[in-house]
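Trainee: The numbering of the sequence shown is the working numbering, which starts it at 48 and goes up by one.
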Amino acid sequence: KYRKRCVGGFGDIATFSFYGNKIITTGEGGMVVTDNQELAKKVRLLKGQGMDTSRRYWFPVVGYNYRMTNVQAAIGLAQLERIDWFIERRREVARWYDDLLKDFSVIKTPVEASWAKNVYWLYSVCLSEDYNRDLLIAQLLEEGIETRPFFYPLHHMPPYLADNEEANCPVAVELAARGLSLPSSATLTEEDVTYIVGVLRACLQKQVDDRKQRAD
Numbered sequence: 048k049y050r051k052r053c054v055g056g057f058g059d060i061a062t063f064s065f066y067g068n069k070i071i072t073t074g075e076g077g078m079v080v081t082d083n084q085e086l087a088k089k090v091r092l093l094k095g096q097g098m099d100t101s102r103r104y105w106f107p108v109v110g111y112n113y114r115m116t117n118v119q120a121a122i123g124l125a126q127l128e129r130i131d132w133f134i135e136r137r138r139e140v141a142r143w144y145d146d147l148l149k150d151f152s153v154i155k156t157p158v159e160a161s162w163a164k165n166v167y168w169l170y171s172v173c174l175s176e177d178y179n180r181d182l183l184i185a186q187l188l189e190e191g192i193e194t195r196p197f198f199y200p201l202h203h204m205p206p207y208l209a210d211n212e213e214a215n216c217p218v219a220v221e222l223a224a225r226g227l228s229l230p231s232s233a234t235l236t237e238e239d240v241t242y243i244v245g246v247l248r249a250c251l252q253k254q255v256d257d258r259k260q261r262a263d
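1) Strictly by DSSP, which residues pair up with R52?
2) Flag this pair as yes or no: are the beta carbons of D177 and V153 separated by less than 8 Å?
3) Return the CA-CA distance between L183 and L227, expressed in angstroms with no decimal places.
4) Below 8 Å between beta carbons: does that hold for Q119 and T62?
5) Decide if the stretch 228 to 236 is in contact with the stretch 193 to 210; the criterion is three or more beta carbon pairs, one per stretch, under 8 Å apart.
6) Using a Cβ-Cβ cut-off of 8 Å, state whether L174 counts as contacting chain C.
7) Any idea what DSSP makes of T37, helix, strand or coil?
8) Using a Cβ-Cβ cut-off of 8 Å (strictly less than) and excluding sequence neighbours within five positions of T81, which residues of its own chain qualify?
9) If you compare alpha carbons, which of P157, W105 and Y170 is closest to I70?
10) So which of L187, N215, H202 and E213 has the shortest CA-CA distance to K253?
11) Nearest-angstrom Cα distance between I243 and E213?
12) Checking 8 Å against the spacing of the C-beta atoms, do L93 and G110 come in under that value?
13) So the candidates are H203, C250, A160 and A224; which of them puts its Cα closest to the Cα of K51?
14) Thinking C-alpha only, which one of G76, Y199 and R137 is nearest P217?
15) Provide the residue span of the alpha helix (DSSP H) that contains T241, from first to last.
16) Can you grab the Cα-Cα spacing for the pair A262 / M78, in whole Å?
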C-alpha cells in the first residue's frame, strides 16, 4: 500500500502477474484491473482473439488469445481467498530477515516507510561494493540456496537503447550491479531463514578470506 491506498488502484489500468513465483499464482498469465468500463471492454475484446462479444465469429480488430482457462481461474480464486495470509506470511519472513541482518553493515535491507506497506514478493537487499555480488550468487547456489540478481536497467534493454543512449540513471545502474533477492516464499520457516543468513554470512566471509590469501 502507498498512503493507505492499494497500488493497484492508481492510474487507469493496473496489471498483476500470476507467474509461478508470485504471491498468488495460476501457473502463468495475469490480471488486468480497471474502473473504466470502456477500457475493460477493449481489454476483453483484445484478449478474446478480437472477436465481437455480441456477434460471434466477427473480428473487428486483430486480437490475441490471452484467455485464462477455467482450471487456472479456479486455482487463482482459491488462492485469492487466502491472499491476506500469503501477504502476512511473506511479511513475517521479511521480519525474520530484518532481525538477522540488522547489524550486518555490508548488506542494506529493505526500508518500509510508516506510510507504506510492502507485500515482499521478493526480499531484496543491496550488497556493499566491497563484495562480488555475482560470486555470492554462485556461492549460495553451491550450498543449495537459489537467489537472483536485480533486473537490468530498462534503459539498457535493446528495444529502448536507441532512444535512450544519453539516458543517465546512476541509481538504477548501481542497484542492478549490487542488488540481490533472497528466497522469500511463504513456505519458508524461521529455521530456513536463519540457515540462509548463516550461509550468506559464511560466503561473504570466504570472499574476505580469499582476498587476504591472494594478497599474502
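Glycine is no exception: its CB is placed at the ideal position from the N, C-alpha and C atoms.
Mentor: According to the structure shown:
1) Counted from its first residue, the sequence shown places residue 52 at position 5. Answer is Y49.
2) To locate residue 177, count along the sequence shown from 1; it is residue 130. To locate residue 153, count along the sequence shown from 1; it is residue 106. Against a cut-off of 8 Å, the Cβ pair of V153 and D177 comes out as a contact.
3) Position 136 of the sequence shown, counting from 1, holds the residue named residue 183. Position 180 of the sequence shown, counting from 1, holds the residue named residue 227. Each residue's Cα considered, the two are about 9 Å apart.
4) Taking the first residue of the sequence shown as 1, we reach residue 119 at position 72. Taking the first residue of the sequence shown as 1, we reach residue 62 at position 15. No, these two residues do not count as a Cβ contact at 8 Å.
5) yes
6) Considering every chain present, this structure includes no chain C. It has just one protein chain.
7) No statement about residue 37 is possible, as the shown extent of the chain runs from 48 to 263 and does not include it.
8) Taking the first residue of the sequence shown as 1, we reach residue 81 at position 34. Result list for T81: D59, I60, A61, A87 and V90, in chain order.
9) Taking the first residue of the sequence shown as 1, we reach residue 70 at position 23. Of the listed residues, the one whose Cα sits closest to I70 is Y170.
10) Taking the sequence shown and counting its residues from 1, the one referred to as residue 253 is at position 206. Of L187, N215, H202 and E213, the residue nearest in Cα terms is L187.
11) For the purposes of this step, residue 243 is taken as residue 196 along the sequence shown, with counting starting at 1. For the purposes of this step, residue 213 is taken as residue 166 along the sequence shown, with counting starting at 1. Each residue's Cα considered, the two are about 40 Å apart.
12) Residue 93 sits at position 46 when you count from the first residue of the sequence shown. Residue 110 sits at position 63 when you count from the first residue of the sequence shown. Contact: yes.
13) Looking up residue 51 in the sequence shown gives position 4. With distances taken between Cα atoms, K51 lies closest to A160.
14) Mapped onto the sequence shown, residue 217 falls at position 170. Closest by alpha carbon: Y199.
15) One-based indexing of the sequence shown puts residue 241 at position 194. Per DSSP, T241 belongs to the alpha helix (DSSP H) from E237 to A262.
16) Along the sequence shown, read from residue 1 onward, the residue named residue 262 stands at position 215. Along the sequence shown, read from residue 1 onward, the residue named residue 78 stands at position 31. Each residue's alpha carbon lies about 54 Å from the other.
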